[in-house]
Every structure is written in C-alpha cells, then in structure tokens.
Amino acid sequence: MQPLKTALFTLGTMGDIHMYLPLAKQIQAAGHAVQFCTYACYREKVTRVGIPFTPIPPDIEADFFTQIYDDVKDKNLNDKAESSIDRLFLRDIEQRFEACLAIIKQCDLVICHQVDWAAQIAAELAKVPWVQGIPGPFGMPNEGFVPRGLRTANLGAPLNKMTWRFLIWMMGKTLFRGINRFGRKVGSKRKDLGFFSMSPHLNLLATSPHLAILPKNMPPATVATGPWSLSEPDYELSDELRRFLASGPAPAVIGFGSMGGNSADGKTTAEMVIEALRETNQRMVIQRGWGRLVAGDDPNIMCADYIPHEHLFPHAAFVMHHGGAGTTAAAAKAGVPQIVIAHSLDQFYWGDMVARRNLGPPLLARQKLSQSQLTERIRHLLGNAAAMRAGAATLADHLRREDGPAAAVTAIETFYTHHTQHNAAAPRPTMADPDLTPT
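The numbering used here puts the first residue of the sequence shown at 107, with every later residue one more than the last.
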C-alpha cells in the first residue's frame with residue numbers, strides 16, 4: 107500500500123507515553139510517516155528512540171503527575187476523579203485542540219490515546235479516521251462485565267449492556283460534563299466522550315488473551331493485538347548492578363513508576379516495603395521512579411533509576427509494582443511472579459488478573475497499605491513460588507510469541523485499505539506542509 111502520513115497523540119504519565127513508542131517504531135518500520143505528539147517534557151524520551159516529535163499543549167513539568175497524585179490521594183473516589191479530570195484533561199484544552207487539528211488536517215490517519223479527547227474531537231471534525239489504543243479491557247464497554255468501583259462485576263449480558271449505557275450517559279452529565287461541553291462548543295456530535303469512549307473506526311487492545319480475561323463480545327472494530335513493548339537490545343546493566351545481582355540470591359525488584367508520590371510519601375512506601383522484605387529475608391532492587399523511593403545504606407538493597415524491564419525483571423525473584431498495564435505485561439513476559447500494590451483506575455483490574463492467572467497473591471490497595479499486609483503477601487508468594495513461577499513461565503512463552511506492534515500495524519493497514527475503498531478519496535496531504543514538520 108502507499109505509505110501513510112500518520113500522527114500519534116497521547117498524554118499522561120511516562121507509562122502512557124511508553125505504551126505508544128513501540129507502535130510508533132513499528133509504523134516507521136512498515137514504511138509510513140509518523141509524528142509523536144505530546145507534552146514537550148517528553149521530547150528526549152521520544153527522540154532518543156528515533157521517532158519524530160512534535161510538542162503540543164499543555165506545557166507541563168515532569169513532576170506534574172506526582173503533584174496531582176499527592177493532592178488527590180486522600181480524597182474519595184468521586185472527588186479524586188473530578189479533580190484529576192479537571193487538571194489533566196481540561197487544562198489548556200482549547201490550545202491542545204487547535205494544535206491537534208492543525209496536525210491532523212495533514213494526515214491520512216491518526217492514533218489517539220483513550221483519554222486524549224482533544225485529539226479525538228479534532229480528528230472527528232477534520233474527518234480523518236482515528237484509531238484508539240487501549241491498554242486493557244477495564245474501561246471498554248462490553249457484554250461480559252461492568253465496572254463496580256475500581257473492580258468489575260458480571261450482571262449478565264442484558265444488564266451489563268444497560269449498565270454501560272447508563273454509565274456513559276450519567277458520567278457524561280457529571281464527571282465528563284466539561285469535556286462534553288467543550289466538544290459541543292467546537293462542533294462535535296459525539297455523545298460518549300469520557301473514560302468509556304471508543305473509536306468508530308478501529309480500537310487496538312494492547313494486551314493478550316493469555317494475560318487479560320477478554321469479554322466474549324467485544325465492541326465492534328476492536329482487535330486484541332498482544333502487548334506493545336519496546337525492545338532496547340543495546341542497553342547494558344551497570345557494573346554496580348551486575349555485581350549486586352551476582353553477590354547473592356535473586357532479589358525482589360520494586361518500582362511504582364510515577365505512582366511513587368512525593369518524597370515523603372515515597373519514603374513511607376519505601377519504609378514499609380523494606381521492612382516487609384527484610385522480615386522475609388529478601389534482597390531487593392528499588393527503582394525510585396518519580397516518587398524518589400529511597401532505602402539508605404544496606405548491602406542487601408540497591409537503588410536504581412531507569413532500567414528497561416526486559417533487562418532487569420528476568421533477574422528478579424519477583425516484581426512488586428503499581429499494576430500498570432505495561433509493567434504487568436513486562437513482569438509476565440519475564441516469567442516471574444508479581445505483587446501488585448494498586449493506586450488507581452485499571453491498576454486494580456491488572457492486580458485482579460495477576461491473582462486470577464496465579465502469577466501472584468491478591469492485590470493490595472496503596473491507600474490502605476500496611477507493613478503487615480505486605481509481609482503476608484510476600485510470604486504467600488514465597489510459599490507458592492514454584493507454582494506461580496511455573497505459571498508465569500508458561501504465560502511468558504505465549505507472550506514472547508506475540509508481536510503486538512506488528513499485529514497493530516497490520517490491523518491499521520487493513521482498516522485503512524477498506525476505509526479508502528468505501529469512501530471518496532480526499533486530497534492527500536504532503537509532508538512538506540509546515541504544519542506537519544516535526545520540531
């Protein structure tokens with residue numbers, strides 16, 4: 107097929123950025139043009155893997171999400187969601203929309219994050235087909251289950267369908283009224299703007315049926331591709347880390363990414379984790395993340411900054427993490443057990459999947475975390491380590507045979523071929539247009 111001119115729009119924490127890098131690389135490898143459009147603070151993360159980058163509003167600092175987490179962590183679920191939505195998605199939304207619209211008008215097709223509503227609305231108004239990337243099925247309307255707080259419940263297919271319709275309507279009138287008001291203001295006809303929105307064109311579910319339990323009747327135009335992971339084959343572990351790994355039994359690997367919170371909250375978390383692991387005689391590698399987890403001086407503890415999961419996790423006795431979709435898949439692909447300490451949203455779903463697949467013990471909630479709970483979960487894992495490691499190894503074998511980014515690009519190309527056959531051809535944009543020149 108003729109090379110496509112595409113752009114990819116995402117927003118959120120580093121996990122939200124990292125999810126799309128493998129897809130962008132695969133789009134490039136297939137011969138298509140791609141721009142990666144997100145906050146300016148992520149420029150280096152994107153360009154270092156060779157992907158053209160275009161900054162779009164809002165202009166934030168890297169600790170923006172840590173600040174939000176610290177501000178809302180003690181609020182109830184509704185207040186937490188409303189505050190986060192206002193600060194994350196409504197901030198400078200008009201400027202973001204205009205920037206997205208200028209780029210999208212020069213594209214054949216665009217890929218949007220599930221909650222990048224400014225980009226989705228811009229694609230709708232520009233009449234450019236947009237593909238949605240979804241990390242997991244938690245917020246995807248289906249007949250198999252509905253959200254119940256931060257967990258899921260199956261009420262039976264008829265009630266599930268009715269409940270989803272009601273949730274979309276109700277949340278559009280409450281939590282997402284600001285987003286929907288903006289959509290109407292600029293001319294959007296959509297009525298589903300919110301956490302549960304789906305693309306009418308193509309939705310790519312970036313997970314595996316071997317890891318996630320997928321609903322039997324997924325929404326139309328939805329393809330499960332397998333996880334999207336970015337390989338960094340040239341990365342080398344530091345000499346310090348190699349010496350630590352060689353000096354004793356396999357360590358537990360601890361990391362909460364951008365969910366670590368501020369320095370005080372990170373210190374509290376670190377203290378509980380360290381004491382629980384000491385009680386169970388575990389060595390540990392702590393990845394600090396934005397929470398700046400610290401451990402002090404201890405020969406059985408090593409603190410580290412960024413290390414690609416593919417290079418660190420295979421050395422672990424088990425991985426303790428926040429339950430992000432990418433981290434859960436990476437630990438599963440490494441074939442090691444895991445303990446999930448969920449902080450918000452779909453992290454509870456992934457924690458449930460870990461337990462249901464017997465990859466680890468039942469999840470813990472960060473808001474109610476205690477050292478005694480942690481110690482109990484670690485002992486549960488250690489007592490069942492052989493079975494969990496065997497199950498993880500079997501799952502890892504399945505995941506290693508899947509190529510999520512390649513499957514996603516195949517789905518995109520198939521969709522676009524059918525789309526152009528059934529729609530009048532529009533003038534194709536040119537990469538020489540200044541609006542499409544990456545900066």
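From the three backbone atoms N, C-alpha and C, an ideal C-beta is built for every residue, glycine too.
- By the 16-neighbour rule on beta-carbons within 10 angstroms, His524 is exposed.
- If you draw a 10 Å sphere on the C-beta of Gly457, you find 16 or more other C-beta atoms in it, and that means buried.
- The DSSP assignment places complete alpha helix (DSSP H) segments of no fewer than 4 residues inside the region 415 to 439 at 415 to 418, in order along the chain.
- In this structure, Ile319 lies away from Gly300, with their beta-carbon atoms at least 8 Å apart.
- Here the alpha carbons of Ser337 and Ala471 stand approximately 30 Å from one another.
- The region 311 to 329 and the region 483 to 495 do not touch, with fewer than 3 CB-CB distances between them shorter than 8 Å.
- Excluding five sequence positions before and after Trp223, the CB atoms of its chain that fall closer than 6 Å to its own CB belong to Ile285, Leu299, given in chain order.
- Taking 3 residues as the shortest admissible run, the region 284 to 366 contains the following complete beta strand (DSSP E) segments, listed from N- to C-terminal end: 308 to 311, 328 to 330, 358 to 361.
- With contacts defined by Cβ atoms closer than 8 Å, Val442 and Gly429 do not form a contacting pair.
- Secondary structure note for Cys213: it is in no alpha helix (DSSP H), with a DSSP letter that is neither H nor E.
- Take the alpha-carbon of Tyr412 and the one of His421: they are about 15 Å apart.
- Annotation: the continuous alpha helix (DSSP H) that includes Val460 extends over 453 to 462.
- Here DSSP, grouped into helix, strand and coil, assigns Thr119 to coil.
- Rounded to whole angstroms, the Cβ separation of Ala208 and Phe115 is 12 Å, and the two are not in contact under 8 Å.
- For Gly489, the enclosing alpha helix (DSSP H) has its first and last residue at 477 to 489.
- When DSSP states are grouped into helix, strand and coil, Leu273 belongs to the helix group.
- Per DSSP, the unbroken alpha helix (DSSP H) holding Gln226 starts and ends at 223 to 232.
- Out of Pro163, Lys233, Ile227, the CA that lies nearest to the CA of Arg202 is found in Pro163.
- Per DSSP, Phe142 is one residue of the beta strand (DSSP E) stretching across 139 to 144.
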